[in-house]
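Residue 46 in numbering that gives the first Met the number 0 sits at position 47 of the sequence shown, and the numbers go up by one each step.
Don't be surprised by glycine CBs; every beta carbon is placed ideally from N, CA and C.
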Amino acid sequence: MKTALLIFILLSVLIPLSAQETYPPMHRLIWEEYVGTLTHWRQKFPKRMTLESRGMSGQNMPVYLLKITDATVPAADKQICLITTLHSGPERTGTTGALAFAEWCLSDDPLAVETRRKQIILVMPCVNPLAMFYTDRFRNEHGVDPYTGSGRIGKLWDVKTLTLTKPEDAPELIAVLSVIDDYQPEVHADLHGTGLQEYAPAQLGARRMYHGQIMTEVTGGAYSNYALRPWDWRVTEAMIDAGRAAGFPSDRFEADAQRTFWGPELAPLGRKLWHGMPMFYSAHYGYAKYHTMLLTQEVAWEQSLVARMQGLMRIGNGAWLDEKSPGYPVNRMRHFVGHYVTAYGATASARRTSRVELWNQQSDFALGFLYPQTVGRETFVVATTAAAKHAVARNDFRSLLGDSTTEVERFIKTGPELKVAMEQTPEQLLAAKTDAKFTHGIGFRLRLPYPAPKQLEVRLNGAVLKTDATDGYESWFADGFTQVQVNVPPHKLPAHGLYFITCAYTPDVQRPTGWMPPTEVQKKYATEKLDATPATFTDVAYGTHFRQTMDVWLAKSKQPTPVVFYIHGGGWAAQDKTDIHQHLDVRAFLTAGISVASINYRFLMDANAAKVTPPLQWPLQDAARALQFLRSKSEEWHLDKTRIAASGVSAGGCSSLWLAMHADMADPQSTDPIARESTRLLFTATKAPQASFDPQQLIEWIPNSEYGAHAFGYPMDKSRKETFPLFLANRTQHLADIPLWSPIAHVSADDPPAYVVYTKDDKPPVKGQPQTDPSHSVLHALMLQEVLQPLGVPCAVHHPQDGKPATTMQDLLLQHLKPINHGN
């Protein structure tokens, strides 16, 4: 009576009388009741539970372990789930929740019965009994918090070695670690909850909580440490669903807060990010050593914890979303873009042994697959030894696989993939010196994105695999994929450590790929022609800049073929080499035995960025270099280097004329073989080109001229009408450069013929009159014709007002570039 009176007096000081009526004090579980309950259960359920002490806490209080399972069912195929209370003591509902869950596990509830048959449930209801029953503080008698592993001065954990620097100060934690080491559980659930941890010593009173003291319940993780959670959010959601069905909601961390995670580089944005930090806490021990799945729970109501844990138990009792065997999702040891190394074994015990062995070797694995991935084909390459990694880096599979390499090579050659893409660089693979050593078998998982693919042919290192759960492969549809599981038993582990898996199949569903632009856009950019005539070689580099590339179409011929050399337009500031399909029919040239090359080149903006003056020199010099490069490939590509015609529209036509009129830019003395090639052309066939950049000459011919200032460094963000007057006013500053880059300034009697087409002139061209489209007026070509004809150089100009039958660049090129028949 005296004790009860004292407790009432202390509570009266702590809680106002009105509050005591609404929120009466709770019963405070005492040590004797705790031990008495565990002993009672052991006596009542001898075939369902065993009880043992795993260590001794302060005040000589044992750290108990309950092992709950159906002893009549063999343990070989059982999952193992560990429940601890690393913050027990001040967070009391963690312990009472663990006891409530243990009580349910021992019950006759059908789910509990099923769970005992399929799992071993290990419950450590009170890890820190001194804190739970005497101090209501996190630390033990030596000042160690078992949850974080922190001592009075810093952490006791050596994360690198996974050892405690002062194990004698943490007997409670050593007890938990011993259970993890002995059982290597699939899941470790650590329980937290409400208590007196935030009460100051003067506020503790009788150290009794009150009815109605709750908290926001959290499922699957910790607010302080976002690394303490299941790797699969669906596990957490299944537990939340079970709790919600029982009437208890849960917080979802960053999802409910609508904030993203953080890392060191995001620290400056800390106030906008999720505040939990990735830290090593004691529960990580099982993950680090055994690939145990972690989760934590915040418990306000014991019934809620039981409901949520029932959701977890259902996962362990059944097959996970994409698995065939029942159990928790813990068997994937290594991954690379949807390809997985898995544990091996026909039973849970065997998979556990394999899981632990592979988990501690997987850092020595190198993974890859044929890239890009292709419909009807899937691969997985795993190298587990230094020799295997070296072979992959050298693309030398025969040195390890011998004659079996033939089938691997056949598979590779029949596909369009570019390479074996590995997660490590060739240099890293070649530097490998260590071998992974495992003896309990290995598994591999590939996933095909079709529900029922046909004609599966799965091979390992070239050998066909049969359908077999332990020595071959299995396939089933789950989670949207056809899962392909390859199992290699211990006696078939290759000593060389290379696993090259190929899987050929026929999709059961035909899925179109490739979004198409609107019809109007397709018509404008000749999409059908582009797609119908794929290049023989695409993006061939003729320089180091990313724009210095060309596409090449090679005609089939016994004789070296003539070439159309196309330069796209766009004012040297836009468009692309695919522009050729808007103006020329590449297929028609190939049919006629004429090869084709279309080039990209550096833009004016690239030259401006490099402070090159005038910027026009870069695109024109690139045209010359690309032509020389093309000639340098004449023998390899079977080209007639004497029969190359340049073609282009607008700026591309201007570049073509500049090449044609310019003296040969070959440098016979150069050490660069490409620079020794000629830049001369057989002829040009262009559309709407510009012939001159002299602003004075241009306004004499076309008074409303506006073209050219941008090519000499005037602002490109202003209109041509704004910049051309400036160009004209500053003409004297450019007199040295204008002749270098104007086609008309290089005219000579040995120039090739020029065939020029204009299609937009809407009135007869008269020198000195304004033009509707001054930048693309036929007067440019007539200006050129005026200086070429006296020299005897043919210059045929075609335009709508000439009274002659219309012609095109295509017609002119086919007419004047016919292959020469050598009679054989």
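- Where N486 falls: helix, strand or coil (DSSP): Counting from 1 along the sequence shown, the entry for residue 486 is found at position 487. Strand at N486.
- Task: Please say whether I579 and A622 have beta carbons closer to each other than 8 Å?
- Result: Looking up residue 622 in the sequence shown gives position 623. Looking up residue 579 in the sequence shown gives position 580. No; because the gap between Cβ atoms is not below 8 Å, this pair is not in contact.
- Identify, in the order they occur along the chain, each residue of the same chain with its Cβ nearer than 7 Å to the Cβ of M48, setting aside the five sequence neighbours on each side. Translated into positions along the sequence shown, residue 48 becomes position 49. Correct list, in chain order: W40, R41, L65, K66, I67 and L105.
- Item | C-alpha gap between P804 and H798, whole angstroms | Working through the sequence shown from its first residue, we reach residue 804 at position 805. Working through the sequence shown from its first residue, we reach residue 798 at position 799. Their backbone Cα atoms lie some 10 Å apart in a straight line.
- Task: Answer yes or no: do I743 and M782 have a C-beta to C-beta separation smaller than 8 Å?
- Result: For the purposes of this step, residue 743 is taken as the residue at position 744 of the sequence shown. For the purposes of this step, residue 782 is taken as the residue at position 783 of the sequence shown. Yes, these two residues count as a Cβ contact at 8 Å.
- Starting from I179 and walking both ways along the alpha helix (DSSP H), at which residues does that stretch end? One-based indexing of the sequence shown puts residue 179 at position 180. Unbroken alpha helix (DSSP H) run through I179: P170 to Y182.
- Query: In whole angstroms, what is the alpha-carbon distance linking A625 and D538?
  - Reply: In the sequence shown, the residue the question calls residue 625 occupies position 626. In the sequence shown, the residue the question calls residue 538 occupies position 539. Distance between the alpha carbons of A625 and D538: 12 Å.
- Message: Less than 8 Å between the beta carbons of P145 and C80, yes or no?
- Response: Residue numbering aside, residue 145 sits at position 146 when the sequence shown is read from its first letter. Residue numbering aside, residue 80 sits at position 81 when the sequence shown is read from its first letter. No, the pair does not count as a contact, with Cβ atoms beyond the cut-off.
- Answer with buried or exposed for A382, where buried requires no fewer than 16 other C-beta atoms within 10 angstroms of its C-beta. Counting from one through the sequence shown, the residue named residue 382 turns up at place 383. Buried, because 16 or more other Cβ atoms sit within 10 Å of the Cβ of A382.
- Task: Express the C-alpha separation of D395 and V563 in angstroms, rounding to a whole number.
- Result: On the sequence shown, position 564 is the one that residue 563 refers to. On the sequence shown, position 396 is the one that residue 395 refers to. Distance between the alpha carbons of V563 and D395 is about 40 Å.
- Message: According to DSSP, is K388 part of a helix, a strand, or is it coil?
- Response: Against the sequence shown, residue 388 aligns to sequence position 389. Helix, per DSSP.
- In terms of alpha-carbon separation, which member of I314, M332, R333 and V485 lies closest to P325? By one-based count along the sequence shown, residue 325 stands at place 326. The residue with the shortest Cα to Cα distance from P325 is I314.
- Message: Would D321 and D478 be called neighbours here (beta carbons separated by less than 8 Å)?
- Response: Taking the sequence shown and counting its residues from 1, the one referred to as residue 321 is at position 322. Taking the sequence shown and counting its residues from 1, the one referred to as residue 478 is at position 479. Yes. Within cutoff.
- Query: Would DSSP call D157 helix, strand or coil?
  - Reply: For this step, residue 157 is matched to residue 158 along the sequence shown. DSSP places D157 in strand when its eight states are reduced to three.
- Message: Contact defined as beta carbons within less than 8 Å: I believe G570 pairs with H709. What is the distance between those atoms, to the nearest angstrom?
- Response: For the purposes of this step, residue 570 is taken as the residue at position 571 of the sequence shown. For the purposes of this step, residue 709 is taken as the residue at position 710 of the sequence shown. G570 to H709, Cβ: 7 Å. Contact.
- Pairing CB atoms from the stretch 505-513 with CB atoms from the stretch 443-451, are three or more of them under 8 Å? yes
- Query: Quick one: Cα of G337 to Cα of T683, how far?
  - Reply: Counted from its first residue, the sequence shown places residue 337 at position 338. Counted from its first residue, the sequence shown places residue 683 at position 684. Near 53 Å, if we compare the C-alpha coordinates of T683 and G337.
- According to DSSP, is L811 helix, strand or coil? In the sequence shown, residue 811 corresponds to position 812, counting from 1. It is helical.
- Item | Spatial distance of N823 from A431 (CA atoms) | As a position in the sequence shown, residue 823 is number 824, starting the count at 1. As a position in the sequence shown, residue 431 is number 432, starting the count at 1. In this prediction, N823 scores a pLDDT of 46, lower than 50, which makes its location untrustworthy; the coordinate-derived value is nonetheless stated afterwards. Roughly 56 Å separates the two Cα atoms.
- Give every residue of the same chain whose Cβ lies closer than 6 Å to the Cβ of E830, excluding the five residues on either side of it in the sequence, and list them in chain order. In this structure the chain extends from 0 to 823, so residue 830 is not present and cannot be described.
- With C-beta atoms as the reference, is G310 less than 8 Å away from D231? As a first step, residue 310 is located in the sequence shown; it is residue number 311 there, counting from the start. As a first step, residue 231 is located in the sequence shown; it is residue number 232 there, counting from the start. Their beta carbons are not under 8 Å apart, which means G310 does not touch D231 by this criterion.
- Message: Taking the straight line between their C-alpha atoms, what separation do you get for F602 and A608?
- Response: As a first step, residue 602 is located in the sequence shown; it is residue number 603 there, counting from the start. As a first step, residue 608 is located in the sequence shown; it is residue number 609 there, counting from the start. C-alpha separation (whole angstroms): 10 Å.
- Item | Sufficient close CB pairs (3 or more, under 8 Å) joining the stretch 266-282 to the stretch 334-349 | no
- Message: Please return the same chain residues whose Cβ sits closer than 6 Å to the Cβ of A728, not counting the five positions on each side in sequence.
- Response: The residue labelled residue 728 in the question sits at position 729 within the sequence shown. Nothing meets the Cβ criterion.
- Query: By DSSP, does K803 sit in helix, in strand, or in coil?
  - Reply: Along the sequence shown, one-based indexing puts residue 803 at 804. Correct three-state label for K803: coil.
- Task: Throw me the rounded Cβ distance for the A306 and G211 pair, which I believe falls under 8 Å.
- Result: Taking the first residue of the sequence shown as 1, we reach residue 306 at position 307. Taking the first residue of the sequence shown as 1, we reach residue 211 at position 212. Wrong, their Cβ atoms sit about 20 Å apart, outside the cutoff.
- Message: Could you tell me the alpha carbon to alpha carbon distance between D716 and G707, rounded to whole angstroms?
- Response: Position 717 of the sequence shown holds residue 716. Position 708 of the sequence shown holds residue 707. In a straight line, the C-alpha of D716 is about 14 Å away from that of G707.
- Query: So, are the CB atoms of Y182 and L227 less than 8 Å apart?
  - Reply: Indexing the sequence shown from 1 puts residue 182 at position 183. Indexing the sequence shown from 1 puts residue 227 at position 228. Going by C-beta atoms, Y182 is not nearer than 8 Å to L227.
- Message: Ignoring anything shorter than 4 residues, give me the alpha helix (DSSP H) runs that lie fully in the stretch 538-612, in order along the chain.
- Response: 579-582, 585-590 and 603-608
- Can you tell me which of the three DSSP states Q296 falls into? Here residue 296 refers to the residue found at position 297 when the sequence shown is read from its first residue. Correct three-state label for Q296: strand.
- When the Cβ atoms of the stretch 109-128 are set against those of the stretch 82-96, are three or more pairs found closer than 8 Å? yes
- Message: Let's test the definition: count the other Cβ atoms within 10 Å of the Cβ of P694 and tell me whether it reaches 16, buried, or not, exposed.
- Response: Taking the first residue of the sequence shown as position 1, residue 694 is located at position 695. Classification of P694: buried, given that the 10 Å Cβ count is 16 or more.
- Query: Using 8 Å as the threshold, is the stretch 611-619 in touch with the stretch 527-538, meaning 3 or more CB pairs across them?
  - Reply: no
- One or two residues paired with V463 in a DSSP bridge: Counted from its first residue, the sequence shown places residue 463 at position 464. BP columns for V463 point to R458.
- Message: So, under 8 Å CB-CB, L497 and A390 are touching, yes? Tell me the CB distance rounded to an integer number of Å.
- Response: To locate residue 497, count along the sequence shown from 1; it is residue 498. To locate residue 390, count along the sequence shown from 1; it is residue 391. Contact holds; Cβ gap of about 6 Å.
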